[in-house]
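Engineer:
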Amino acid sequence: MKARSKSKSKSSILFILCVIAIFSLAFTGFKGFKIAGWEIKSIGEAITKGLDLQGGVSVLMEIQEDDVPSDVRQRTKQLLELRVNKIGVSETVVTEEGEKRIRVDIPGAYNSSEIVDGLSKTGNLEFKDSEGNIVLTGKDVKEATAVLDSTSSPVVSLELNEEGQTKFAEATANNIGKTISISMDDEVVSQPVVQNAITDGKAVINGMSSMEEATKLSGIISSGALPVTVKAVSVKNVGAQLGAEALPNAVKAGVIGISLVFIFMILYYRLPGLFASIALTLYITLVLIVFVEMKAALTLPGIAAFLLTIGMAVDANVLIFERIREELSIGIPIKSAIKKGFENAMSSIVDSNSTTFIAALILYFMGSGAVKGFAVTLMIGIILSLFTALIVTKILINLAVDMGLLKSLGQFRVKRGAENA
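Numbers 33 to 453, taken from our numbering, label the letters of the sequence shown in order.
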């Protein structure tokens, strides 16, 4: 009797600690935490919102050449991403679509024409003397930075590499009193007159109308010339107002849907349903934390996939509880029925989730844009729903049995069978 009492106390402590840990994690995740200047941002603040949730520009670029190797496509993708980030855009999502197209999604309110112009340029920088001879190219530039000169005018400051420094020193020494034009993609952007030889490997491009223009040009120069020619074939603007309205509506729909699921589980399955709801709370928190840590962009299709996986997680619990009820109805003791219920439901749960996971993989590799986001969310949700349904729910129910919370068939909505655990 003493050993049984000790075991019951131990189970009670473990159960309480598990519940406190789950709700503490959920509270910290959704509300954030700040103490002594140290802050954990809430999931809502930390998560990256996709284009459809905060507005922005989506540009579909197409490579004009045929039969481009995969490494060249990957290099082009990296340079396009670098160009966008260099002009001050954050949280950009750049993805390949097929073998010739690259989509650039830029959340936030930005000028689409400027974005397209910056992405489309091949980035061919050339310095030419007065006779039209090329004396420097973009390959000779080590670093390009947008700065303000002594007159507070925006300029692009160039620092040349060792080879470029030698070339430029020679070119400026031979062209004192003459012009050295600086052109980007055959368009002259500056045409200064050489006053004296420049030997320190530093040059300046002036004539910029604004700091934004200087920043864009420095970004293109820094990212280097694109290995292929690209052209914008589709430009879609998503209004910030649309995104601002979409997110609260999506959150509201999610809260209502999840609340209805919790109510159903508790009303229909009673105490076991409550434990399943606690496990689902952990599941929801973990999915969102994984999104934050992966720096994945949450989109409307992603939210739809998230809610779908909550339904799948509930399905897993329903299968488990129905198997437990079947065992109890034929007279098997409660603890044995719970063990058999989980074992019997395992194959059905794994099979159904596996087929959905395979479908999500196909969507990810064959789809594009929002479809990929849907697929990623679905795969993350499937993995975590299996964990919470098969492990967390099982632990909570077994602890509840050991501590005496679950001890009658009525708590499982079973009217006949064994009454002893």
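Ideal Cβ placement from N, Cα and C applies to all residues, glycine included.
Predicted model only: the values in this text are computed from it and were never measured.
In the DSSP assignment, find the alpha helix (DSSP H) that holds residue 380 and state where it starts and stops.
Structural biologist: Its alpha helix (DSSP H) spans residues 366-398.
Engineer: What are the partner residues of residue 88, as DSSP defines its beta bridges?
Structural biologist: Answer is 139 and 270, bridged to residue 88.
Engineer: Among residues of its own chain, excluding the 5 on either side of residue 359, which ones have a beta-carbon nearer than 6 Å to its beta-carbon?
Structural biologist: Answer for residue 359: 369, 372 and 373, listed in chain order.
Engineer: As an exercise, report each continuous beta strand (DSSP E) stretch of at least 3 residues that is fully enclosed by the segment 201-230, in chain order.
Structural biologist: With a minimum length of 3 residues, the continuous beta strand (DSSP E) runs that stay inside the segment 201-230 are 213-216 and 219-222.
Engineer: Below 8 Å, how does it come out for the segment 175-190 and the segment 242-252: are there three or more Cβ pairs, yes or no?
Structural biologist: The segment 175-190 vs the segment 242-252: in contact.
Engineer: How many whole angstroms separate the CB atoms of residue 396 and residue 408, which I take to be in contact at a CB cut-off of 8 Å?
Structural biologist: So it is a contact: roughly 7 Å between Cβ atoms.
Engineer: Could you check whether residue 421 and residue 342 sit closer than 8 Å to each other, using their CB atoms as the reference points?
Structural biologist: Taking 8 Å as the Cβ cut-off, residue 342 and residue 421 do not qualify as a contacting pair.
Engineer: Note down the Cα distance separating residue 102 from residue 169, rounded to an integer number of angstroms.
Structural biologist: The alpha-carbon atoms of residue 102 and residue 169 are separated by roughly 26 Å.
Engineer: Rounded to the nearest angstrom, what separates residue 347 and residue 318 at their Cα positions?
Structural biologist: So the alpha carbons of these two residues sit roughly 18 Å apart.
Engineer: Which residue comes first and which comes last in the alpha helix (DSSP H) that contains residue 361?
Structural biologist: Residues 332-361.
Engineer: Would you be able to state if there are at least three C-beta pairs under 8 Å between the segment 429-437 and the segment 45-60?
Structural biologist: Touching, yes.
Engineer: Would you grab the beta carbon distance between residue 308 and residue 425 for me? Rounded to a whole angstrom, and I think it's under 8 Å.
Structural biologist: Sure, about 5 Å apart at Cβ, within 8 Å.
Engineer: Counting Cβ pairs closer than 8 Å, one from the segment 50-66 and one from the segment 437-446, do we hit at least three?
Structural biologist: No, the segment 50-66 is not in contact with the segment 437-446.
Engineer: I'd like the list of long-range same chain contacts for residue 323, defined as Cβ closer than 7 Å, with 5 residues on each side in sequence excluded.
Structural biologist: Only 79 and 330 meet the Cβ criterion.
Engineer: Between which two residues does the beta strand (DSSP E) containing residue 234 stretch?
Structural biologist: Element bounds for residue 234: 234-237.
Engineer: Just verifying my parser: in three-state terms, what is the DSSP assignment at residue 180?
Structural biologist: Strand, per DSSP.
Engineer: Are three or more beta carbon pairs between the segment 129-136 and the segment 84-100 nearer than 8 Å?
Structural biologist: Yes, the segment 129-136 touches the segment 84-100.
Engineer: Use the C-beta contact count for residue 279: other C-beta atoms within 10 angstroms, 16 or more gives buried, fewer gives exposed.
Structural biologist: With 16 or more Cβ atoms within 10 Å of its Cβ, residue 279 is classed as buried.
Engineer: Determine the burial state of residue 209: buried for a count of at least 16 other Cβ atoms within 10 Å of its Cβ, exposed for fewer.
Structural biologist: With fewer than 16 other Cβ atoms within 10 Å, it is exposed.
Engineer: State the CB to CB distance for the pair residue 158 and residue 147, rounded to an integer number of angstroms; the pair is presumed to be in contact (CB under 8 Å).
Structural biologist: Not a contact, Cβ separation roughly 24 Å.
Engineer: Over the uninterrupted beta strand (DSSP E) stretch that includes residue 125, give me the two end residues.
Structural biologist: That run of the beta strand (DSSP E) goes 125-129.
Engineer: Nearest by alpha-carbon distance to residue 90: which of 184, 364 and 265 is it?
Structural biologist: Nearest of 184, 364 and 265 to residue 90, Cα basis: 265.
Engineer: Taking DSSP as the reference, what is the three-state secondary structure of residue 78?
Structural biologist: Residue state, collapsed to three classes: helix.
Engineer: Are there 16 or more other CB atoms within 10 angstroms of the CB of residue 349, so buried, or fewer, so exposed?
Structural biologist: With 16 or more Cβ atoms within 10 Å of its Cβ, residue 349 is classed as buried.
Engineer: Tell whether a beta-carbon distance below 8 Å holds between residue 204 and residue 230.
Structural biologist: Yes, these two residues count as a Cβ contact at 8 Å.
Engineer: Considering residue 188, what are the terminal residues of the beta strand (DSSP E) in which it resides?
Structural biologist: Taken as a continuous stretch (DSSP letters only), the beta strand (DSSP E) holding residue 188 covers 186-192.
Engineer: Residue 315: which of 57, 52, 42 and 40 sits nearest, CA to CA?
Structural biologist: Closest option to residue 315, Cα to Cα, is 57.
Engineer: From 423, 76, 213 and 388, pick the residue whose C-alpha is nearest to that of residue 378; which is it?
Structural biologist: Checked all of 423, 76, 213 and 388; the closest Cα to residue 378 is 423.
Engineer: Give the range of the alpha helix (DSSP H) segment to which residue 426 is assigned.
Structural biologist: Unbroken alpha helix (DSSP H) run through residue 426: 425-434.
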